[in-house]
Amino acid sequence: MMIAYGLFIVLGAVVLMILEQPEENLLVKEVRELKARFLADNPCVDESSLDRLLINELSASKRGVATLESASNECNFDFTSSLFFVITFLTTTGYGTTVPLSDEGRVFCVVYCLVGIPFTLLLLSSLTHALLPWVTHTPIHNLQVFWGLSRNHAALLHCSVLAFCTATLFFLLPAGALCLLENDWSYLESLYFCFISLSTTGLVDYLPGRTQSRAARQWLEFATSCYLMVGLIVLLVVMESCWELPQVQAILRFFAGPWQGELRGVGLDELVLGGDMTGAEEEPHYTLPISTISPAFTDSPATPTTELPPVFGLTPIAATKENIPPSLRPDLTTSTS
Numbered sequence: 152m153m154i155a156y157g158l159f160i161v162l163g164a165v166v167l168m169i170l171e172q173p174e175e176n177l178l179v180k181e182v183r184e185l186k187a188r189f190l191a192d193n194p195c196v197d198e199s200s201l202d203r204l205l206i207n208e209l210s211a212s213k214r215g216v217a218t219l220e221s222a223s224n225e226c227n228f229d230f231t232s233s234l235f236f237v238i239t240f241l242t243t244t245g246y247g248t249t250v251p252l253s254d255e256g257r258v259f260c261v262v263y264c265l266v267g268i269p270f271t272l273l274l275l276s277s278l279t280h281a282l283l284p285w286v287t288h289t290p291i292h293n294l295q296v297f298w299g300l301s302r303n304h305a306a307l308l309h310c311s312v313l314a315f316c317t318a319t320l321f322f323l324l325p326a327g328a329l330c331l332l333e334n335d336w337s338y339l340e341s342l343y344f345c346f347i348s349l350s351t352t353g354l355v356d357y358l359p360g361r362t363q364s365r366a367a368r369q370w371l372e373f374a375t376s377c378y379l380m381v382g383l384i385v386l387l388v389v390m391e392s393c394w395e396l397p398q399v400q401a402i403l404r405f406f407a408g409p410w411q412g413e414l415r416g417v418g419l420d421e422l423v424l425g426g427d428m429t430g431a432e433e434e435p436h437y438t439l440p441i442s443t444i445s446p447a448f449t450d451s452p453a454t455p456t457t458e459l460p461p462v463f464g465l466t467p468i469a470a471t472k473e474n475i476p477p478s479l480r481p482d483l484t485t486s487t488s
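Counting along the sequence shown from 1, when you hit position 84 you're at 235 in this note's numbering, and nothing is skipped either side.
If you want it as structure tokens, here you go:
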């Protein structure tokens with residue numbers, strides 16, 4: 152399994168290198184041509200001074216500080232922005248557009264997150280397990296009772312419907328709303344933002360409200376904070392529901408090996424596993440009933456014996472008086488007298 156995961160990582164790196172290197176080289180070429188054209192049109196500007204100005208501007212931009220006049224309405228540490236920063240920090244999303252500027256702020260973030268991140272994970276886990284009986288177990292039970300489905304089919308149907316509703320309500324529809332609110336975003340870019348947010352990847356390339364007024368930006372930050380908390384809880388519920396599927400457990404058992412223990416969940420009647428389990432095509436084996444009378448000992452000739460009739464072609468066996476139940480002894484006495 153580790154080898155397969157390593158190959159998966161290498162494959163992702165190779166694909167990204169092939170797809171992104173041409174775009175990177177094209178962007179570098181475009182910026183350098185723009186800089187050369189600017190220096191040609193303004194011969195009084197020193198190239199080294201321009202480079203220092205650009206480096207300082209880029210450094211401030213990476214730390215979330217807007218210094219250009221067109222972005223002077225941005226404020227990264229008012230209450231709404233600070234609340235947005237705390238939620239993204241505690242959920243480990245961390246878009247990276249806002250970072251602490253002071254040493255005191257960095258120390259506070261370290262201490263705050265040492266307590267806050269475990270507390271957040273505990274809260275999310277508790278809410279997930281509290282919602283599972285209502286969102287997953289009860290609907291599966293109702294599908295079994297009212298629709299007559301087996302547990303495996305009911306669980307598979309329920310997880311499919313739950314995943315479809317989650318994808319619609321937390322990815323497709325929010326992406327369409329963002330596409331309408333952000334004029335320079337395409338639908339694919341909006342969907343990409345929803346995915347990197349709920350997957351807690353939190354890349355810095357997209358964040359809503361950066362080109363709008365301060366009030367609109369604050370409203371979008373608050374909406375994004377609520378979207379993160381609710382969306383993470385729903386995704387955890389969906390993942391836990393899918394994790395209990397016997398098919399998923401069988402795949403995990405296939406990669407991890409039989410030493411990982413028994414599969415989770417119940418209702419594995421439709422799941423055929425390999426190993427020591429008897430296959431469906433194996434011939435059945437029949438054994439004699441427990442009440443079969445044991446053969447008599449032949450070294451005691453004085454004891455009367457009788458021969459039982461053959462059963463299913465078996466060799467007749469002798470029975471002694473001591474081995475025969477009392478209810479049959481009168482017949483035996485009559486037959487031997």
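Cβ atoms here follow ideal geometry from the backbone N, Cα and C, with glycine treated the same way.
No experiment lies behind these values; they were computed from the predicted model shown.
Terminal residues of the continuous alpha helix (DSSP H) containing ARG368? 365-394
Can you give the Cα-Cα distance for SER253 and ILE402, rounded to whole angstroms? 49 Å
Those runs of the alpha helix (DSSP H) which lie wholly inside the region 243-305 and span at least 4 residues: 254-283 and 289-298
Kindly give me the distance between the Cβ atoms of SER232 and GLU372, rounded to whole angstroms, as I take these residues to be in contact under 8 Å. 6 Å
For LEU358, name the three-state secondary structure that DSSP assigns. coil
Look at GLY353 and TYR338 and say whether their C-beta atoms are less than 8 Å apart. no
Reduced DSSP secondary structure (H/G/I, E/B, other) of ASP197: coil
Beta-carbon separation (whole angstroms), PRO359 vs LEU329, contact threshold 8 Å: 6 Å
Our contact map puts CYS264 next to SER392 with C-beta atoms below 8 Å; I'd like the distance itself, whole angstroms only. With 8 Å as the limit, CYS264 and SER392 do not qualify as a contact, their Cβ atoms being about 29 Å apart.
Identity of the residue in ALA366, LEU349 and ARG365 nearest THR242 by Cα: LEU349
What residue range is occupied by the uninterrupted alpha helix (DSSP H) comprising SER348? 338-349
THR317 vs LEU386 beta-carbon contact at 8 Å: yes
Determine the burial state of PHE240: buried for a count of at least 16 other Cβ atoms within 10 Å of its Cβ, exposed for fewer. buried
How many Å lie between ILE291 and ALA306 at the Cα? 6 Å
Are ALA314 and VAL389 closer than 8 Å when you measure CB to CB? yes
Between the alpha carbons of LEU177 and ASP192, how many angstroms are there, rounded? 23 Å
THR107 by DSSP, collapsed to three states: which one? The question about residue 107 has no answer here: the residues shown for the chain are numbered 152 through 488.
Integer Cβ distance of LEU209 from GLU198, believed to fall under 8 Å: Not a contact, Cβ separation roughly 16 Å.
Between THR351 and PHE235, how many whole angstroms is the CB-CB distance? I'm expecting something under 8 Å. With a Cβ gap of about 15 Å, THR351 and PHE235 do not count as contacting.
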